[in-house]
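Trainee: The structure is given below, and queries will be raised subsequently.
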Amino acid sequence: MNADLERVITLQRLDSAVDAAKKKLADEPERERTLDARLDAAKQHVADAKARLTENQGARRDIEKELALHQGRLSKFREQAMSVKTNQEYHAIQHEIAHAQGEIKTHEDRMLERMLEADELTAAFKKSEAELSAEQKAIDADRKAMKAEHTELQAAIEKMTGERAVIVSALPPDVLSRFEQVARKRNGVAVAEAKDGICTICHVRLRPQVFNTVRRNEEILQCDSCQRILYFVPAPAATQATT
Ligand SMILES: [Zn+2]
619 MNADLERVIT LQRLDSAVDA AKKKLADEPE RERTLDARLD AAKQHVADAK ARLTENQGAR
679 RDIEKELALH QGRLSKFREQ AMSVKTNQEY HAIQHEIAHA QGEIKTHEDR MLERMLEADE
739 LTAAFKKSEA ELSAEQKAID ADRKAMKAEH TELQAAIEKM TGERAVIVSA LPPDVLSRFE
799 QVARKRNGVA VAEAKDGICT ICHVRLRPQV FNTVRRNEEI LQCDSCQRIL YFVPAPAATQ
859 ATT
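Here it is as structure tokens:
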């Protein structure tokens, strides 16, 4: 293969790899934000579960107060019942006693419901705390991996930039300027494989004369349509055809 064509192919490989590495680095803040959001969501679950539990505890205290109030009334009415003078008074106090007993029953039922609810809420709170702790560990691991990847990407970019400089210094200036001109116009991709008579990037059919020349990989030839520098990958173990 023509040495300059080989250099141009390597240059493209390096440029594409550097580009991909830079894109990954540029994605890091977004990935950080995603991790932050995951942690915030897990913390919010814990806070919500805690708030529901606190609400339940407050409700239970309120019911206890109400219950004490009705129990106090009940004892008072029972005492009064001992000293009633008239039948009318007796009925009135019995009515109050029945009412207080009804209230006590209602509040005891409500308390039981709230206690059952407290068991569920306590379990949910503990579960949310365990989930937060697991999420925290997973996120720490992700951050650590990201940090390691960041270092690797930067090292790779530095290494490839060095390799690029060596290749650039070996390339004839006119070839380099053709490469860079096309790269600028074609989104950083200045080289294309020619296969089955077409340019594999723009998919335009090459003139047979051009394709035959490209197959030999001995010249810097550009696609008539997209201007990319063309190269040919021979089929493995196939003899070079001379059509
Ligand atoms: Zn093309």
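FYI, the numbering for the sequence shown is 619 to 861, going by my numbering.
Don't be surprised by glycine CBs; every beta carbon is placed ideally from N, CA and C.
So, for L685: in the same chain, excluding its five sequence neighbours on each side, which residues have a beta-carbon less than 8 Å away from its beta-carbon?
Mentor: I722, H725, E726 and M729
Trainee: Which residues share a DSSP beta bridge with R823?
Mentor: I816
Trainee: Which residue comes first and which comes last in the beta strand (DSSP E) that contains L848?
Mentor: Counting along the chain, the unbroken beta strand (DSSP E) around L848 starts and ends at I847 to Y849.
Trainee: Take V786 and list the residues in its own chain whose beta-carbon comes closer than 8 Å to its own, dropping the five residues that flank it on each side.
Mentor: L629 and L794
Trainee: In the DSSP assignment, what are the bridge partners of A759?
Mentor: DSSP lists no partner for A759.
Trainee: Return the CA-CA distance between A669 and A742, expressed in angstroms with no decimal places.
Mentor: About 11 Å.
Trainee: Report the three-state DSSP secondary structure of L629 (helix, strand or coil).
Mentor: Three-state DSSP puts L629 in a helix.
Trainee: If you draw a straight line from the alpha carbon of E650 to that of E767, how long is it in whole angstroms?
Mentor: 13 Å
Trainee: Roughly how many angstroms lie between the CA atoms of S751 and P852, to the nearest whole one?
Mentor: Whole-angstrom Cα-Cα distance: 56 Å.
Trainee: Quick check: what's the CA-CA separation for E837 versus G780?
Mentor: Those two C-alpha atoms are separated by around 26 Å.
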